[in-house]
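Trainee: Numbering (the UniProt record's numbering), first residue to last: 1 to 154. A single structure is presented below for examination.
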Amino acid sequence: MIKISDTSIIELDVNGEKRKVVAEPSDTLLYTLRTELNLTGAKPGCENGDCGACTVIVDGWSVKSCIVLTVEMIGHKITTIEGLKNAPIQKAFVEKWGFQCGFCTSGFIMVCHALAEQHPEADEYVTEEWLQSNLCRCTSYQEIKEAVTSILHP
1 MIKISDTSII ELDVNGEKRK VVAEPSDTLL YTLRTELNLT GAKPGCENGD CGACTVIVDG
61 WSVKSCIVLT VEMIGHKITT IEGLKNAPIQ KAFVEKWGFQ CGFCTSGFIM VCHALAEQHP
121 EADEYVTEEW LQSNLCRCTS YQEIKEAVTS ILHP
């Protein structure tokens, strides 16, 4: 007998909602978010964990969704940019012009939100360390740093 697929129906906690999805064992969280749940805020950039455009928050920590498998997320709380709903970092990005083309913006917002939640007293060195996980091809990062600093040190 030839097994054609190991497709499973699994339940994920995404943006505070229990959602059933169809997933292959090799499906990445990024793929599942975009194709099964139509949550397209996480962007497919490099798809190997380098650029951070696909960053989401899992149990409070920023995670690159292109390098984790969907099945690994069972039992974890996943938050996407669509689930932030007016977090202070979103307003700060607008006020400080922390974006240009917008492709990397959701990933940066997610990593900055996780930083503010995990390290509310972060200094500039910790902030820069966290920001190194994401790439932007348009800005000098100064506006992004100003945005996150404005919520960490108002």
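Ideal Cβ placement from N, Cα and C applies to all residues, glycine included. From a predicted model like this one, the values you see are computed outputs, not experimental measurements.
Just to check my reading of the structure: residue 81 and residue 41 have Cβ atoms closer than 8 Å, yes? What is that Cβ distance to the nearest angstrom?
Mentor: Here residue 81 refers to the residue found at position 81 when the sequence shown is read from its first residue. Here residue 41 refers to the residue found at position 41 when the sequence shown is read from its first residue. Residue 81 to residue 41, Cβ: 4 Å. Contact.
Trainee: According to DSSP, which residues form a beta bridge with residue 20?
Mentor: On the sequence shown, position 20 is the one that residue 20 refers to. Residue 20 pairs with 11.
Trainee: Using 10 angstroms around the beta-carbon of residue 94, count the other beta-carbons present and answer buried if the total reaches 16, otherwise exposed.
Mentor: Here the question's residue 94 lines up with position 94 in the sequence shown. That one is exposed.
Trainee: State the beta-bridge partners of residue 69 as determined by DSSP.
Mentor: Counting from one through the sequence shown, the residue named residue 69 turns up at place 69. DSSP output for residue 69 lists 28 as bridge partner(s).
Trainee: Would you kindly work out how many angstroms separate the C-alpha atoms of residue 86 and residue 144, rounded to a whole number?
Mentor: One-based indexing of the sequence shown puts residue 86 at position 86. One-based indexing of the sequence shown puts residue 144 at position 144. Going by the C-alpha atoms only, they are around 17 Å apart.
Trainee: According to the neighbour-count rule (16 or more other Cβ atoms, all chains shown, within 10 Å of its Cβ), is residue 34 buried or exposed?
Mentor: Here residue 34 corresponds to residue number 34 of the sequence shown, with the count starting at 1. Buried, by the Cβ-count rule.
Trainee: Spatial neighbours of residue 1 within its chain, please: C-beta separation below 6 Å, excluding the five flanking residues on both sides.
Mentor: Along the sequence shown, read from residue 1 onward, the residue named residue 1 stands at position 1. Confidence at residue 1 is low in this model, with a pLDDT of 49, below 50, so the placement of that residue should be treated as unreliable; the coordinate-derived value is given next. Cβ neighbours of residue 1 beyond the five flanking positions: none.
Trainee: Could you tell me which whole alpha helix (DSSP H) segments of length 4 or greater appear in the segment 74-121?
Mentor: Qualifying alpha helix (DSSP H) stretches, in chain order: 88-95 and 105-118.
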